[in-house]
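Here the structure is laid out as structure tokens; the discussion comes afterwards.
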Amino acid sequence: MPEAPDGPEVSLVLRSTRVITPEGVRAASVAVADGRIAAVLPYGAGVPAAARLVDVGDDALLPGLVDTHVHVNDPGRTEWEGFASATRAAAAGGITTLVDMPLNSLPPTTTVGSLRVKQEVAREQAYIDTGFWGGAVPGNARELRPLHEAGVFGFKCFLSPSGVEEFPELDPAALETALTEIASFDGLLIVHAEDPGHLAAAPQQHGPRYADFLASRPRAAENEAIALLIALARRLRARVHVLHLSSGDALPMIAAAQREGVRLSVETCPHFLTLTAEEVPDGATEFKCCPPIREQANQDALWQALADGVIESVVSDHSPCTTDLKTPDFLDAWGGISSLQLGLPAVWTAARARGHSLADVARWMSTGPARLAGLTGKGAIEAGRDADFAVLAPEETFTVDPAALHHRNRVTAYAGRTLHGVVRSSWQRGRQITDDGCTTDDGRTTDHRTGRLIERNAV
Ligand SMILES: [Zn+2]
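Per the UniProt record's numbering, the sequence shown starts with residue 1, numbered consecutively.
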């Protein structure tokens, strides 16, 4: 096996007949040295005497997934989720890097001081690499540059009420102030895009009927907010990212803005791609999220936009709560869908039915989110990147049993569904993540957790 004369020694070779590389799917042996991918070699390449060989056979080797949209809620609402449970669930779902949202924890991540509090809480608990978004709220524009310099990946804001009082939305004037400041250091603004005027004008009908809830969060609210963001991003030449796009109606203007050169990127979520409004039972508020799951025809438009490259990432928006907050009244219930552990099989199940490949799924769920966050060491199986992997049995099926989830609260919209794609294992920097910690170079298990705190441009 070729090896740079001065390079670190290869300690692990992972072999699969289906390695998902940027150039396509092929049989290969992936050599790992010092936690990084040293080389992607032919399948039958020799293994150095000192290295451990792990042959996963026909299971697929994917780059570890990167989930840039996770609400860990720790500290402050730790009963909703926490860094240990969230990162364990993520690893069980093939995710090896997550970026935590700035709200639903207490404190919210709107100052450097609160970022430090969250980092300290996460440090000893994280099974996988963990980074942080900052928050842009009314009155904290002067905190944004210090947060940027402290390593947050960008800033989240809302244009309509967030659902928690400690994280208020920005009105158009405050949005412009924040984005002007963020553009001054070429930072990134990520936005929950629903227009408050359209939401206020929509009928607000209490009760268990999903159709009433859907009518309360119309597509027009998303479309209007996105139009505002496009205009502002164009004028300020700023980087703006639309979070959890649900409305397919907004796609033509997004595509046009991208063609024109506006610095606009878009994500969507597993639930928008795999669940439909038509199938939500009355009172089933585990399906509630904002913006909402829409109709089948809308879902088809989102898939087309993924195929066209207009939407470049698929991330969970894992936003759990305690079960008592999922009341049967759709207006009152907490909005959020938990899917850290299930996103990969859910998306793969729908993707394969639509004729997409595992390479597509890896591009949407690893490469795209890594690029959004500027994580140049993640997102692909190629030499020089971190040795982060997900091993997936793509043809194998399982039925979702909430009891098998590592989420702190085992409420899921996917309960009882049969999905394709069993995650066999997840690896970080060449170590297999286990229930307690990880494996060592010689394959023993330890209680050491591989997760590190990651910062913008530092990995
Ligand atoms: Zn969210």
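C-beta atoms are modelled at their ideal positions from N, C-alpha and C, and glycine is treated no differently.
*Identify the continuous alpha helix (DSSP H) that holds F158 and give its terminal residues.*
Here residue 158 corresponds to residue number 158 of the sequence shown, with the count starting at 1. Element bounds for F158: not the alpha helix (DSSP H) but the beta strand (DSSP E), 155-158.
_Touching by the beta-carbon criterion (3+ pairs, under 8 angstroms), the segment 292-304 and the segment 243-252_ = yes
*asked:* Spatial neighbours of T96 within its chain, please: C-beta separation below 6 angstroms, excluding the five flanking residues on both sides.
replied: In the sequence shown, the residue the question calls residue 96 occupies position 96. Closer than 6 angstroms at Cβ, skipping near neighbours: G64, I128, D388, S426, Q428.
_If you reduce the DSSP assignment to three classes, tell me which class G163 lands in._
Start at 1 with the first residue of the sequence shown, and residue 163 comes out as number 163. If DSSP states are grouped into helix, strand and coil, G163 belongs with coil.
*What's the C-alpha gap between I226 and A193?*
In the sequence shown, residue 226 corresponds to position 226, counting from 1. In the sequence shown, residue 193 corresponds to position 193, counting from 1. Straight-line Cα distance between these residues: approximately 6 angstroms.
*Cross-strand partners of H241 (DSSP beta bridge)*: Walking along the sequence shown from the start, residue 241 turns up at place 241. According to DSSP, which records beta bridges pairwise, H241 is partnered with I190, S265.
_Burial state of G197 (16 or more Cβ within 10 Å)_ = By 1-based counting over the sequence shown, the position of residue 197 is 197. By the neighbour-count rule (16 or more Cβ atoms within 10 Å), G197 is not buried but exposed.
*Return yes when the Cβ of F185 is within less than 7 angstroms of the Cβ of R145, no when it is not.*
As a working mapping, residue 145 is identified with position 145 in the sequence shown. As a working mapping, residue 185 is identified with position 185 in the sequence shown. Result yes, Cβ atoms of R145 and F185 sit closer than 7 angstroms.
*asked:* Quick check on T323: buried or exposed, where buried means 16 or more other Cβ atoms within 10 Å of its Cβ?
replied: As a first step, residue 323 is located in the sequence shown; it is residue number 323 there, counting from the start. It is exposed - the Cβ of T323 has fewer than 16 other Cβ atoms within 10 Å.
*Give the C-beta separation of H71 and N104 to the nearest angstrom, bearing in mind that I take them to be a contact with Cβ-Cβ under 8 angstroms.*
Locating residue 71 in the sequence shown gives position 71, where the first residue counts as 1. Locating residue 104 in the sequence shown gives position 104, where the first residue counts as 1. The Cβ separation is near 5 angstroms, so the contact holds.
_Given this structure, state the Cα-to-Cα distance separating V30 from R15, to the nearest angstrom._
Residue mapping note: residue 30 aligns to position 30 of the sequence shown, counting from 1. Residue mapping note: residue 15 aligns to position 15 of the sequence shown, counting from 1. Those two C-alpha atoms are separated by around 6 angstroms.
*Using only alpha-carbon positions, find the residue among F272, P292, F398, E169 that is nearest to G415.*
Working through the sequence shown from its first residue, we reach residue 415 at position 415. Residue identity differs from the one stated: residue 415 is Ala in this sequence, not Gly. The option with the nearest alpha carbon to A415 is F398.
*By DSSP, does R18 sit in helix, in strand, or in coil?*
Numbered from its first residue, the sequence shown carries residue 18 at position 18. Of the three classes helix, strand and coil, the one that applies to R18 here is strand, per DSSP.
*Can you tell me whether DSSP reads Q119 as helix, strand or coil?*
Numbered from 1 along the sequence shown, position 119 holds the residue referred to as residue 119. The answer is helix: DSSP assigns Q119 an H, G or I state.
*asked:* Looking at V266: is its Cβ nearer than 7 angstroms to the Cβ of I311?
replied: Taking the sequence shown and counting its residues from 1, one reaches residue 266 at position 266. Taking the sequence shown and counting its residues from 1, one reaches residue 311 at position 311. Contact flag set, yes.
*Status (buried if at least 16 other CB within 10 Å, exposed otherwise) for P203*: The sequence position of residue 203 within the sequence shown is 203, counting from 1. Exposed, by the Cβ-count rule.
*asked:* Just verifying my parser: in three-state terms, what is the DSSP assignment at S184?
replied: As a working mapping, residue 184 is identified with position 184 in the sequence shown. Looking at S184 - three-state DSSP - the assignment turns out to be helix.
*asked:* Is the separation between the beta-carbon of Q119 and that of L340 shorter than 7 angstroms?
replied: In the sequence shown, residue 119 corresponds to position 119, counting from 1. In the sequence shown, residue 340 corresponds to position 340, counting from 1. Their beta carbons are not under 7 angstroms apart, which means Q119 does not touch L340 by this criterion.
*asked:* Quick check: the segment 134-154 against the segment 405-412, are at least 3 beta-carbon pairs closer than 8 angstroms?
replied: no
*Is any heavy atom in ligand 1 found nearer than 6 angstroms to the beta carbon of D74?*
As a working mapping, residue 74 is identified with position 74 in the sequence shown. Every heavy atom of ligand 1 is 6 angstroms or more from the Cβ of D74, so no.
*Closer than 6 angstroms from C-beta to any heavy atom of ligand 1: which residues, in chain order?*
H69, H71, M101, D317, S319
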